[in-house]
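First residue of the sequence shown? That's 85 in my numbering, and the numbers climb one at a time after it.
Quick reminder that beta carbons are idealized off the backbone N, C-alpha and C, glycines included.
All values reported here derive from a predicted model rather than from experimental measurement.
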Amino acid sequence: MAFELHRPVTTSDLLDSRVELNFSNSLFRDDDDSGHLATNGVVPLNASRADQSAQQQMMSIESVVILIVIYTLTTLLALSGNAVVIVVFTVGKRSRGDLRGFLINLACADLIMSIFCMPFTFTMTMLNNWVFSRPMCPIVLYLQTVSVTASVCTNMAIGIDRFWVVMFPLKSRITKSRSKWVILSIWMISMSISAVQLAVGRSNPTEVAPGQVVWDCNEVWPEPKDIWRRSYTFFILSTTYLIPLFILAVTYGFVAWKLWQRTTPGNADEARDMQQLRSKRKNTFFVWRQLLIWMHHVIPEPAERLAY
85 MAFELHRPVT TSDLLDSRVE LNFSNSLFRD DDDSGHLATN GVVPLNASRA DQSAQQQMMS
145 IESVVILIVI YTLTTLLALS GNAVVIVVFT VGKRSRGDLR GFLINLACAD LIMSIFCMPF
205 TFTMTMLNNW VFSRPMCPIV LYLQTVSVTA SVCTNMAIGI DRFWVVMFPL KSRITKSRSK
265 WVILSIWMIS MSISAVQLAV GRSNPTEVAP GQVVWDCNEV WPEPKDIWRR SYTFFILSTT
325 YLIPLFILAV TYGFVAWKLW QRTTPGNADE ARDMQQLRSK RKNTFFVWRQ LLIWMHHVIP
385 EPAERLAY
């Protein structure tokens, strides 16, 4: 079956002063026929066309150019940064720590996200139209969900590993062979959870005006559509945010508590004790900062959609 290609993206499309965007709702609303989730800052590709004209805002050429520059720089930095991380931890002689495999896996997940999330989201945001082939729609939705889920699961595995090392330093750690099985399990779970996108992802035309047709990349659910969509949204919300958040909060909480309880052996010394206190505060700050940063970047849009 030949792929159906739509109008290609051109520079004039992106620089056209009449490009209309709906920042408030067009990329985050859903209707009865579609629905898509977004995690770790990923903007969903599907967007409802109902009452869109009343909420669209005109963008100046300057705004379009600024967005192009920001998205381009962000994508290039993400691609180059994660590629460097993979190379350093793969061939670097000094990068042989316990977390080496997990950090490489995290960089791979983020690299997939940089390739299949940012460019497609940017194009959809700028043109408000799915301009790629129809078979690309479910593939992109699938890879977006896979990358986000793999990244979240890898962060969760790192948190559990640090908890085990700090709380039980004399017990056996995760060996290289065990870490390979953990990483393989992460990708198997991520691909299994995301497989639904291959079944429900569809690119369909919508006539917004006489003779004017735009394409969406949506999730098309069977009847009862609303129940299926909300159930899947809640499932993804739980597996990619609520459960990992609980596990990371517990593990990092115990790590911070353990580090704070440590005392320096020997007689009391004011200068040494003050240095130890500053070290405790710094370690505790970095532990909780990791959790807070993760919470900020992974706050998912499905939580908002569950209210509707």
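(message) On the criterion of 16 or more Cβ atoms from any shown chain inside 10 Å, does ALA241 qualify as buried, or is it exposed?
(response) Stepping through the sequence shown from its first residue, residue 241 is reached at position 157. Under this definition ALA241 is a buried residue.
(request) Within its chain, find whatever has a CB closer than 8 Å to the CB of THR290; leave out the 5 residues flanking it on each side and keep chain order. (result) Along the sequence shown, one-based indexing puts residue 290 at 206. ARG133, VAL297, VAL298, TRP299, ASP300, listed in sequence order.
(message) Just verifying my parser: in three-state terms, what is the DSSP assignment at ARG389?
(response) Your numbering for residue 389 matches position 305 in the sequence shown. Below a pLDDT of 50, predicted positions are generally treated as unreliable, and ARG389, at 49, falls in that range; no measurement from the model is reported.
(request) Using a threshold of 8 Å, state whether the C-beta atoms of ILE196 and CYS237 are closer than that. (result) Counting from one through the sequence shown, the residue named residue 196 turns up at place 112. Counting from one through the sequence shown, the residue named residue 237 turns up at place 153. Contact flag unset, no.
(message) Suppose you measure from the CA of MET275 to the CA of PHE200; what does that come to, to the nearest Å?
(response) Locating residue 275 in the sequence shown gives position 191, where the first residue counts as 1. Locating residue 200 in the sequence shown gives position 116, where the first residue counts as 1. Near 15 Å, if we compare the C-alpha coordinates of PHE200 and MET275.
(request) For GLN281, collect the residues of the same chain with a Cβ closer than 7 Å to its Cβ; drop the 5 residues on either side in sequence, then sort them by chain order. (result) In the sequence shown, counting from the first residue as 1, residue 281 sits at position 197. Excluding positions up to five away in sequence, the list reads PRO222, LEU225, TYR226, THR229.
(message) Quick check on SER147: does DSSP put it in helix, strand or coil?
(response) Numbered from its first residue, the sequence shown carries residue 147 at position 63. It is helical.
(message) Short of 8 Å in beta carbon distance, which residues of its chain neighbour LEU163, apart from the five on each side in sequence? Order them along the chain.
(response) By one-based count along the sequence shown, residue 163 stands at place 79. Within the same chain, LEU163 has close Cβ partners LEU195, SER198, ILE199.
(request) Select from ASN302, VAL266, ILE170, LEU329 the residue whose C-alpha is nearest the C-alpha of ARG218. (result) In the sequence shown, counting from the first residue as 1, residue 218 sits at position 134. Nearest option by C-alpha distance: ASN302.
(message) So for PRO328, helix, strand or coil by DSSP?
(response) Here residue 328 refers to the residue found at position 244 of the sequence shown. Correct three-state label for PRO328: helix.
(request) Establish whether the CB of SER217 and some CB of chain B are separated by less than 8 Å. (result) Checking the listed chains, one finds no chain B in this structure; it contains a single protein chain.
(request) For my contact list, VAL169 and ALA191 are in at a C-beta cut-off of 8 Å; report their separation, rounded to the angstrom. (result) Here residue 169 refers to the residue found at position 85 of the sequence shown. Here residue 191 refers to the residue found at position 107 of the sequence shown. The pair is a contact, with the Cβ atoms about 4 Å apart (cut-off 8 Å).
(message) Distance check for ARG314 and PHE338, CA to CA, integer angstroms please.
(response) Residue 338 sits at position 254 when you count from the first residue of the sequence shown. Residue 314 sits at position 230 when you count from the first residue of the sequence shown. Approximately 34 Å between the Cα atoms of the pair.
(message) Among the candidates VAL172, THR323, PHE204, MET251, whose CA atom is the shortest distance from the CA of ASN189?
(response) Against the sequence shown, residue 189 aligns to sequence position 105. Closest by alpha carbon: VAL172.
(request) Find the nearest neighbour of THR233 within the set LYS264, GLY295, MET272, judged by alpha-carbon distance. (result) The residue labelled residue 233 in the question sits at position 149 within the sequence shown. The option with the nearest alpha carbon to THR233 is MET272.
(message) I'd like to know whether the C-beta atoms of PHE247 and THR156 end up nearer to each other than 8 Å.
(response) Within the sequence shown, the letter at position 163 stands for residue 247. Within the sequence shown, the letter at position 72 stands for residue 156. Not closer than 8 Å, so no.
(request) Kindly indicate which three-state DSSP category ASP182 falls into: helix, strand or coil? (result) In the sequence shown, residue 182 corresponds to position 98, counting from 1. Here ASP182 sits in coil by DSSP.
(request) Report yes if the C-beta distance between GLY185 and SER235 is below 8 Å; otherwise report no. (result) The residue given as residue 185 occupies position 101 in the sequence shown. The residue given as residue 235 occupies position 151 in the sequence shown. No, they are not a contact pair.
(request) Scan the segment 153–234 and note each continuous alpha helix (DSSP H) run of 4 residues or more that stays entirely inside, going in chain order. (result) 184–200, 202–211
(message) Let's see if you can read the secondary structure: which residues bound the alpha helix (DSSP H) around THR317?
(response) Along the sequence shown, one-based indexing puts residue 317 at 233. Run containing THR317: 309–321, per the alpha helix (DSSP H) assignment.
(request) Kindly indicate which three-state DSSP category ASP135 falls into: helix, strand or coil? (result) One-based indexing of the sequence shown puts residue 135 at position 51. Bear in mind that the predicted position of ASP135 carries a pLDDT of just 41, short of 50, making it too unreliable to give a figure here.
(request) Tell me where the alpha helix (DSSP H) around VAL284 begins and ends. (result) The count along the sequence shown starts at 1 and reaches residue 284 at position 200. Unbroken alpha helix (DSSP H) run through VAL284: 260–284.
(message) Can you tell me which residues form a DSSP beta bridge with ASN288?
(response) For the purposes of this step, residue 288 is taken as the residue at position 204 of the sequence shown. ASP300, per the DSSP bridge assignment.
(message) Using only the alpha-carbon positions, how far apart do VAL103 and THR159 sit?
(response) Residue mapping note: residue 103 aligns to position 19 of the sequence shown, counting from 1. Residue mapping note: residue 159 aligns to position 75 of the sequence shown, counting from 1. Here VAL103 scores only 39 on pLDDT, less than 50, and its place in the model should not be relied on; the value that follows carries that caveat. Rounded to the nearest angstrom, the two C-alpha atoms are 22 Å apart.
(message) Quick check: the Cα distance between ASP182 and PHE330, rounded to an integer number of angstroms?
(response) Working through the sequence shown from its first residue, we reach residue 182 at position 98. Working through the sequence shown from its first residue, we reach residue 330 at position 246. Distance between the alpha carbons of ASP182 and PHE330: 23 Å.
(request) With a cut-off of 8 Å on the beta carbons, I'd call MET210 and LEU151 a contact; round off their distance for me. (result) Start at 1 with the first residue of the sequence shown, and residue 210 comes out as number 126. Start at 1 with the first residue of the sequence shown, and residue 151 comes out as number 67. With 8 Å as the limit, MET210 and LEU151 qualify as a contact, their Cβ atoms being about 7 Å apart.
(message) Relative to the C-alpha of VAL149, which candidate in ALA193, PHE318, PHE206, GLY165 has its C-alpha closest?
(response) Working through the sequence shown from its first residue, we reach residue 149 at position 65. The option with the nearest alpha carbon to VAL149 is PHE206.
(request) Within the same chain, show all residues whose beta-carbon is closer than 8 Å to that of ASN288, passing over the 5 residues directly before and after it, in chain order. (result) Looking up residue 288 in the sequence shown gives position 204. Taken in chain order, the residues that qualify are TRP299, ASP300, ASN302, VAL304.
(message) Using 8 Å as the threshold, is the C-beta distance between ALA193 and SER147 below it?
(response) Taking the first residue of the sequence shown as position 1, residue 193 is located at position 109. Taking the first residue of the sequence shown as position 1, residue 147 is located at position 63. Cβ distance not < 8 Å, so ALA193 and SER147 don't count as in contact.
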